[in-house]
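Under the numbering used here, the first residue of the sequence shown is numbered 30, with each subsequent residue one higher.
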Amino acid sequence: MPSVDGLFLTKTPHNRHNPVLGRWIKTFISDIMKRKKAPQKLRVIQNTGVYDMNYAGELGKDEAIDRCTKHFNEGYNCCETMLLSFGELLGVESEVIPKIATPFGGGIYNRKHMCGALSGAVMAIGLKYGRNTPGGKREPSSERAARLVEKFTEKYESANCIGVLGYDPNDLEKIKRDKDKIRANICSPLIRQVAEWLWDEIK
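(1) I need the straight-line Cα distance from residue 210 to residue 106, nearest angstrom please.
(2) For residue 218, count neighbouring Cβ atoms within 10 angstroms of its own Cβ and tell me buried if that reaches 16, exposed if not.
(3) So for residue 102, helix, strand or coil by DSSP?
(4) Check whether the segment 126-142 touches the segment 158-177, taking contact to mean three or more Cβ pairs, one atom from each stretch, closer than 8 Å.
(5) Do residue 140 and residue 190 have their CB atoms nearer than 7 Å?
(6) One question on the structure: do residue 152 and residue 118 come within less than 7 Å of each other, judged by their Cβ atoms?
(7) Using the Cβ count rule (16 or more neighbours within 10 Å means buried), how would you classify residue 213?
(8) At the level of alpha carbons, what is the spacing between residue 110 and residue 148?
(9) Would you check if the distance between the CB atom of residue 155 and the CB atom of residue 145 is smaller than 7 Å?
(10) Does DSSP put residue 214 in a helix, a strand or coil?
(11) Just to check my reading of the structure: residue 123 and residue 100 have Cβ atoms closer than 8 Å, yes? What is that Cβ distance to the nearest angstrom?
(12) Where does residue 138 land, buried or exposed, given buried means 16+ other C-beta within 10 angstroms?
(13) Buried or exposed: where does residue 116 fall if 16 or more other Cβ atoms within 10 Å of its Cβ makes it buried?
(14) In the DSSP assignment, the alpha helix (DSSP H) including residue 121 goes from what residue to what residue?
(15) Which runs of the alpha helix (DSSP H) at least 4 residues long sit entirely within the segment 127-205? Give them in chain order.
(16) For residue 229 and residue 179, what's the separation of their Cα atoms in angstroms?
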């Protein structure tokens with residue numbers, strides 16, 4: 030006797046001789062089985078609109094990197110790209126993503142502060158390992174973020190946007206003029222590199 034979540038289906042005269050009912054039952058069972066195989070819905074943190082990250086998801090490194098490239102090419106800034114891409118890959122749904130990352134793009138103000146891709150990656154770590162209460166542990170997210178920043182600064186010799194770009198911080202007009210070239214030649218490969226490191230931290 031087949032059973033689906035406590036529902037017992039028997040071969041009665043009604044479903045044995047009624048093709049419409051039989052098809053309905055097959056569809057019903059198929060839908061239930063699909064839901065059973067789907068990722069568990071994440072718990073909403075009360076009054077925040079943000080989902081509690083208790084499901085790791087099935088992440089692939091190539092998928093993560095390609096997803097970042099896709100969103101960056103769509104026009105999202107570096108920070109939005111990282112948070113949006115890994116939020117999707119982790120199964121986090123929230124109306125605050127990616128808009129919460131918008132002001133962090135391009136080093137926040139005049140490119141003098143942390144690279145947006147790095148900021149977005151740190152936010153993504155928080156999605157999975159951040160705490161929900163004051164008594165929660167900070168180490169799971171903080172230690173991963175520290176490793177990520179260390180890898181970044183070791184490779185690029187700076188965590189700040191302007192330092193990574195190699196432009197004169199007093200010549201912001203040149204940066205604006207070269208925006209497309211910067212996105213293509215510096216930011217795009219940088220985002221792919223950060224995505225690879227980030228995947229290693231949250232896999």
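Where a beta carbon is used, it is the ideal one built from N, C-alpha and C, also for glycine. Remember, predicted model here, so these are calculated numbers, not experimental data.
Judging by the given coordinates:
(1) For residue 210 and residue 106, the distance between alpha carbons rounds to 14 Å.
(2) Note on residue 218: under 16 other CB atoms within 10 angstroms of its CB, so exposed under the neighbour-count rule.
(3) Residue state for residue 102 is assigned as helix, using DSSP reduced to three classes.
(4) Output reads no: the segment 158-177 does not touch the segment 126-142.
(5) Residue 190 sits close to residue 140, with the two beta carbons spaced by under 7 Å.
(6) Contact annotation: residue 152 and residue 118 have beta-carbon atoms that are not nearer than 7 Å.
(7) So residue 213 counts as exposed.
(8) Near 11 Å, if we compare the C-alpha coordinates of residue 148 and residue 110.
(9) Cβ distance not < 7 Å, so residue 155 and residue 145 don't count as in contact.
(10) Looking at residue 214 - three-state DSSP - the assignment turns out to be helix.
(11) The beta-carbon separation of residue 123 and residue 100, rounded to 16 Å, does not stay under the 8 Å limit for a contact.
(12) So residue 138 counts as exposed.
(13) With 16 or more Cβ atoms within 10 Å of its Cβ, residue 116 is classed as buried.
(14) In the DSSP annotation of this structure, residue 121 is not part of any alpha helix (DSSP H), being labelled neither H nor E.
(15) Correct list: 145-158, 168-185, 190-194.
(16) Rounded to the nearest angstrom, the two C-alpha atoms are 14 Å apart.
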